[in-house]
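Chemist: My questions all concern the structure below.
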Amino acid sequence: MNRIDIDILIDKASECIGTTWPLYSFVTSNPLSGYENKPFYQATKEAKDNLGATIFPKVSVYRKALENGNISISELKQLLKEKGYTASPESYLQMMESQISQEIENTSNTLDRYMVKWLGAFMDEGLAEWQMPYKSEGFYQAWRKLAPFDESLGDVRLKNIPNTSEEALKIVLNKSTEQEILDAIMVHMAALPGWIGYIKHRTKSLPTWHKNAPIALKDYLAVRFWICKKIGLNIFERSTVRNTESQITELQYLFLSAWEKSWQNELVKTLKESSIKPNQSQSGTTPDAQMVFCIDTRSELIRRHVENKGHYETFGYAGFFGIAMDYQNSKNGIAQKSCPPIVDSCYTVNEIPKKNKDAQKESLDRKNEVRTFWTYFLKRMKNMLPSTFGFVEGAGFYYGVNLFTRTLFSKTIYRWNHKQRNTYEETCEPSINTSIASEKQELAIPLAEKTAIVKSAFQLMGWKNFAPLVLFVGHGSHSANNPFGSSLDCGACAASPGRHNARMLAKLANENEVRQLLLEQHNIRIPKGTLFIGAEHNTTTDEIVLFDSNIPQQHHKALKTLRSNLEKAQLTATQERLCLYKNSILQAHINASNWGETRPEWGLAKNASFVIAPRKITKEKNLDGRCFLHSYDWKMDPEGTALEAIMQGPMVVTQWINNHYYFATVDNEKFGGGSKTTHNVTGKFGVVQGNGGDLKTGLPWESLFDKTEEPYHLPLRLSVVVHAPKSRVDKILDNNTSLKSLITNKWLHLIIMDPEDQTETLWEPADNKIKTDHSEKNRKHEKSEAIMA
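Start counting the sequence shown at 269; every next residue gets the next number (our numbering).
Pasting the structure below:
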């Protein structure tokens, strides 16, 4: 043990556990991100062994996909034949159906319950009225000082507990080999992957709660191993997984690959038809308005309906609009990340009063302080032991009326809240500053940086001409009584609404100094009459709100027409999305306000592709909300710098989202959240099923499934389509080994639509074969096919 570096082993073992994000900034990420340096097929097999997880769709899902034509029989037969499977697809479905389910024997229930009790108390972020003592000293020391008072351990004295986590591990793991220690660490981390994932999140992001209550994986393992030994359990005992067949796993993978190939063929055919079809729109004329939406799959529907309502042009861009910022909420003073988690925040944005609006902002702040106080007061009265019973009885009538009103008049309440929601945006304007964490101060950013932010947006989208009105449309979702509400907001903004970034970019683009520098240094000419406006698309109701309190008179008429057309787009969009011809907007409002609604909207379910191309490639095509759409014009990017930035950023983020949805669908118990109906919020940061257990790490069942055994989200790996010369894409991949590894290892598929030679190519590594023991496989083939014959 003395020669073994335990920290290295802990870091290595923790790679098999994904990050658990808190409810208030729920980020959809690949739960197997630690395996991304390995081929997808190999990684999923290891995850299956290490976590006891299901890693491919159920046979019933494959069967339905075959029946409805989503899996092409010819593609499936070809892939099966290439791997030596010559029987019919039906026979292999029957073989997979005959597989006995995995049985996982958990021998650590008692230990798990003990650890959850202590983790919940220590990691609480304000839900508990009485905080656990000694939290500032760290998890191990806090537990050590309080453990003697825990009767479940029997007679334990403080002097008998090791002074430090290092000492505890040294005592427990004495005389163990490095491999034995590594295996033990992996087993005990895999027992509670949700809690382990949240420890990882806190140690990496260093939020306030972690600074006040630090916890490390070493501390967790020291407590767990010491208790394990104390109650007489074997630290090195693994949970047993039985009836695992490698041939079944390979068949499942081949069915998945055939399904993905079938989808790619369908998508490329659609896009190819669009690319060669003459543009029927009013070419050569300046559109009445241009709108930039997030690449989010939910934008695909609203963009189609907006374009059908007038002479409008839409673009797709990552929803944080290229501003790596934290947004300081005026309502609570808390600064929260509003850019992708993989990007470091460079700026802080806050609200300052507009001209002659100081008094209004002060009034808003006072009202907010009063509201915050009463919310805090009522919570204290409900939860404090001395007042609990009397308060509940005395306030019972009030809460009864409140519940009655929220149930029967949810639509009216939603509309009232909606009017109150944009008060700060009407009174204030965003102000951007450079964050200097080391000096704890903020400085105004120079003109060159402001200009670079705006120029980057235009460059990445391939923007040529500007309409009189340009809208930057962020998006957010509105729902009631929804712990997973942030999962429906903008993923590019770290699960925050995109309105703040949209407003900030609009303000920068309206500055005369920025426009002048764009012209002088980058030859980007913005007409004097062009006005940029921040906006927000409510993805639950499909309403688009404009933050436009200071609109010049010359734009009033055009803006009035635009508002009217956006209302028409909301109507037809909700009709299509909710499959309702009448009262579709009313139903959308009810979904957003009903406290008992478990599925206010579908989020990014059904996502399957990311298209990097000009709008003409996808315009007027109903892609059924399955595609992320990023605008890109290869002719305006001769060096490929814009495409490289898109592939390094948005492409990686969409791969995170796609893999999160995939794994949460194929095994909602391990990688998802289970049903919302039995959720309990713990510590303000997570949910558990019932009264305890592991933290749920992913999306709830209602976000993925329509009916039992019938997933609404079709679990496919992401297929990225790039409309650019193949040589340019090859150069980018050669210069970015991490991107190339994602594709080589099959975490996503890359299809290149080369506009120069009019070809479509599925980018493949030199060797994409599944490594299999063919001699053993052939023996199994002979036996299984003889049985089926």
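C-beta: ideal position from N, C-alpha, C; glycine also.
#1: Please list the segments of the beta strand (DSSP E) lying wholly inside the region 581 to 642, counting only runs of 3 or more residues, in order along the chain.
#2: Does the contact criterion of 3 or more C-beta pairs under 8 Å hold for the region 790 to 801 versus the region 599 to 614?
#3: At 3 residues or longer, what runs of the beta strand (DSSP E) sit wholly inside the region 869 to 931?
#4: What residues in its chain sit with their C-beta under 7 Å from that of Asp998, if we drop five residues either side in the sequence?
#5: Considering Phe800, what are the terminal residues of the alpha helix (DSSP H) in which it resides?
#6: In the DSSP assignment, what are the bridge partners of Cys758?
#7: Along the chain, where does the alpha helix (DSSP H) that runs through Asn780 open and close?
#8: Measure from the alpha carbon of Pro621 to the alpha carbon of each residue in Thr517, Tyr644 and Glu693, then state which is nearest.
#9: Tell me the residue span of the beta strand (DSSP E) that contains Leu441.
#10: Below 8 Å on the Cβ atoms is my guess for Leu786 versus Val879; work out the distance and round it to an integer in Å.
#11: What residue from Gln367, Cys761, Thr471 and Trp386 has the CA that sits closest to Val921's CA?
#12: Can you give me the start and stop residues for the alpha helix (DSSP H) that Gln399 sits inside?
#13: Would you mind sorting Tyr353 into buried or exposed? The rule is 16 or more other CB atoms within 10 Å of its CB.
#14: Mapping DSSP to helix, strand and coil, what is Gln855?
#15: Could you check what DSSP says for Val997 in three-state terms: helix, strand or coil?
#16: Just checking, does the region 922 to 932 make contact with the region 984 to 993 on the three C-beta pairs under 8 Å criterion?
#17: So what does DSSP say about Asn948, is it helix, strand or coil?
#18: Check this for me: beta carbons of Asp556 and His573, under 9 Å apart or not?
#19: Is Leu676 buried or exposed, if buried means 16 or more other CB atoms sit within 10 Å of its CB?
#20: Pull up the CB-CB distance for Lys537 and Ile274, whole angstroms please, since I reckon it's below 8 Å.
#21: Can you look up Ala311 in the DSSP assignment and give me helix, strand or coil?
#22: Let me know the secondary structure DSSP gives Gly465 once reduced to three states.
#23: Between Val327 and the rest of its own chain, which residues show a CB-CB distance below 7 Å, the 5 nearest in sequence each way excluded?
#24: Please classify Tyr644 as buried or exposed, where buried requires at least 16 other C-beta atoms within 10 Å of its C-beta.
#25: Taking buried to mean at least 16 other C-beta atoms within 10 Å of its own C-beta, is Pro714 buried or exposed?
#26: Return helix, strand or coil for Ile563, following the three-state DSSP convention.
#27: With respect to the alpha helix (DSSP H) encompassing Ile1011, which residues constitute its N-terminal and C-terminal limits?
#28: Can you give me the Cβ contacts of Thr866 inside the same chain, cut-off strictly under 6 Å, excluding the 5 residues immediately before and after it?
#29: By Cβ distance below 8 Å, which residues in the same chain neighbour Arg831 in space, the five residues on each side in sequence not counted?
#30: Could you tell me which residues DSSP puts in a beta bridge with Val990?
#31: CB Leu291 to CB Phe752, shorter than 9 Å?
#32: Rounded to the nearest angstrom, what separates Lys1080 and Tyr402 at their Cα positions?
#33: Note the first and the last residue of the continuous beta strand (DSSP E) segment covering Leu347.
#34: By alpha-carbon positions, which one of Ala856, Pro608 and Lys345 ends up nearest to Ser293?
#35: What separation, rounded to the nearest whole angstrom, lies between the Cα atoms of Thr582 and Gly942?
#36: Run the CB neighbour count on Ala873, radius 10 Å, all protein chains shown included, and call it buried at 16 or more, exposed below.
Modeler: Looking at the atomic coordinates:
#1: Listed in chain order, the beta strand (DSSP E) runs fully inside the region 581 to 642 are 593 to 596, 603 to 605 and 615 to 621, counting runs of at least 3 residues.
#2: With the cut-off at 8 Å, the region 790 to 801 and the region 599 to 614 do not touch.
#3: Within the region 869 to 931, the complete beta strand (DSSP E) runs of at least 3 residues are 877 to 880 and 895 to 898.
#4: Excluding the 5 residues flanking it on each side, Asp998 has no same chain C-beta neighbour closer than 7 Å.
#5: Bounds of any alpha helix (DSSP H) do not take in Phe800; it lies within the beta strand (DSSP E) bounded by Leu799 to Asn806.
#6: In the DSSP assignment, the residues bridged to Cys758 are Ser764.
#7: Boundaries of the alpha helix (DSSP H) harbouring Asn780: Asn780 to His790, taken from the DSSP string.
#8: Looking from the CA of Pro621, the closest CA among Thr517, Tyr644 and Glu693 belongs to Glu693.
#9: Secondary structure note for Leu441: it is in no beta strand (DSSP E), with a DSSP letter that is neither H nor E.
#10: Actually they are not in contact, since the Cβ atoms of Leu786 and Val879 sit about 28 Å apart, beyond 8 Å.
#11: Measuring from the Cα of Val921, the nearest candidate turns out to be Cys761.
#12: Careful: Gln399 lies outside any alpha helix (DSSP H) and carries neither H nor E.
#13: Buried, by the Cβ-count rule.
#14: DSSP places Gln855 in helix when its eight states are reduced to three.
#15: When secondary structure is reduced to three states using DSSP, Val997 falls in the helix class.
#16: Below 8 Å, enough C-beta pairs join the region 922 to 932 and the region 984 to 993 to call them touching: three or more.
#17: If DSSP states are grouped into helix, strand and coil, Asn948 belongs with the strands.
#18: No, Cβ-Cβ distance for Asp556 and His573 is not below 9 Å.
#19: Result: exposed.
#20: In this structure Lys537 is not in contact with Ile274, their Cβ atoms being roughly 55 Å apart against a cut-off of 8 Å.
#21: In the three-state DSSP reduction, Ala311 falls in the helix class (H, G or I).
#22: DSSP places Gly465 in helix when its eight states are reduced to three.
#23: Short of 7 Å from the beta carbon of Val327, and not among the five residues preceding or following it, lie these beta carbons of its own chain, in chain order: Leu361, Met364 and Glu365.
#24: It counts as exposed.
#25: Around the CB of Pro714, fewer than 16 other CB atoms lie within 10 Å, so the residue is classed as exposed.
#26: In this structure, Ile563 counts as coil in the three-state DSSP scheme.
#27: Residue range Thr1005 to Thr1012 is occupied by the alpha helix (DSSP H) that includes Ile1011.
#28: Result list for Thr866: Lys944 and Glu970, in chain order.
#29: For Arg831, where only same-chain residues beyond five positions count, the Cβ hits under 8 Å are Leu814.
#30: The partner list for Val990 (beta bridge, DSSP) reads Ile880 and Ile1020.
#31: Yes; because the gap between Cβ atoms is below 9 Å, this pair is in contact.
#32: With the chain covering 269 to 1057 only, the question about residue 1080 has no answer from this structure.
#33: Careful: Leu347 lies outside any beta strand (DSSP E), inside the alpha helix (DSSP H) at Ile341 to Glu350.
#34: Ser293 has its Cα closest to that of Pro608, out of Ala856, Pro608 and Lys345.
#35: Distance between the alpha carbons of Thr582 and Gly942: 37 Å.
#36: Answer is buried; the Cβ neighbour count reaches 16.
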